[in-house]
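Input: a single structure, listed below in structure tokens.
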Amino acid sequence: MATISTTTRCGLEHREAERYLRRRRVLLVDDDAAIRVICSLNLRAAAFEVTEAADGLQGLEQATRHPPDLILSDLRMPGLDGFALAEALSRVEATRAVPIVFLSGETGAAERMRAYALGVAGFVTKPFDSSALVALLAGVIERTAAA
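Residue numbers (this note's numbering): 477 to 623.
Okay, here's the thing in structure tokens:
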């Protein structure tokens, strides 16, 4: 019977190798269906597992039920906006450490300062470069996993 070594050929521990091979789970929260389609297509092409929510309340429910590796959320949405979503997630033990990246057409310093005061991991302005978005999200997930 063959046995599995705890170290891969490149020297990574088995746990680390699994982390690198595991699909990164992103919860995409945006009320704009076109933005969800664009983001989802690009993230899935980069081997992300994407779950979508059409508003902040759906996002909150999905994140608390199945915490993702990262949440990409629009800032301005009807009902529960990105700020309220981030505040609510910070009060739930299971989602407190999940990094959030805001995706918004709002470019003002006040919005950015409020977002970073809430502890968000990044802020992407619409329109955005899809490749840069994918690289940013992958970097945030890797930094969070390493912490």
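We treat Cβ as the ideally placed atom computed from N, Cα and C, and that holds for glycine. If you're wondering where the values come from, they're calculated on a predicted model, not measured in any experiment.
Residues that DSSP places opposite residue i in a beta bridge
| i | result |
| --- | --- |
| L613 | Answer is none; L613 lacks a bridge partner. |
| L503 | T527, I547 |
| T620 | Bridge partners of T620: none, in fact. |
| F604 | Bridge partners of F604: none, in fact. |
Straight-line gap, residue i to residue j (C-alpha atoms, nearest Å)
| i | j | result |
| --- | --- | --- |
| V610 | R572 | 23 Å |
| A614 | A523 | 10 Å |
| V577 | F599 | 6 Å |
| L519 | D507 | 18 Å |
| M553 | L504 | 13 Å |
| P575 | A529 | 17 Å |
| G558 | G532 | 7 Å |
| L594 | E587 | 11 Å |
| R512 | V526 | 10 Å |
| I617 | R500 | 8 Å |
| I514 | E563 | 26 Å |
| A608 | R619 | 16 Å |
| R590 | E582 | 12 Å |
| A509 | S549 | 13 Å |
| A623 | A570 | 16 Å |
Supposed contact pair residue j and residue i - C-beta distance, whole angstroms, cut 8 Å
| i | j | result |
| --- | --- | --- |
| G535 | L561 | 6 Å |
| D551 | S516 | A quick correction: the sequence has Leu, not Asp, at residue 551. 18 Å between Cβ atoms; not a contact. |
| V502 | L546 | 5 Å |
Contact test: residue i Cβ vs the ligand ADP heavy atom, cutoff 8 Å
| i | result |
| --- | --- |
| E525 | As for the ligand ADP, it is missing from this structure, which has no ligand bound. |
Query raised in the report: When the Cβ atoms of the stretch 536-543 are set against those of the stretch 601-608, are three or more pairs found closer than 8 Å?
Result: Contact between the stretch 536-543 and the stretch 601-608 is absent, because fewer than three Cβ pairs lie under 8 Å.
**Report entry** Unbroken stretches of the beta strand (DSSP E), 3 residues or longer, contained in the stretch 524-594
**Finding:** 524-529, 546-550, 576-580
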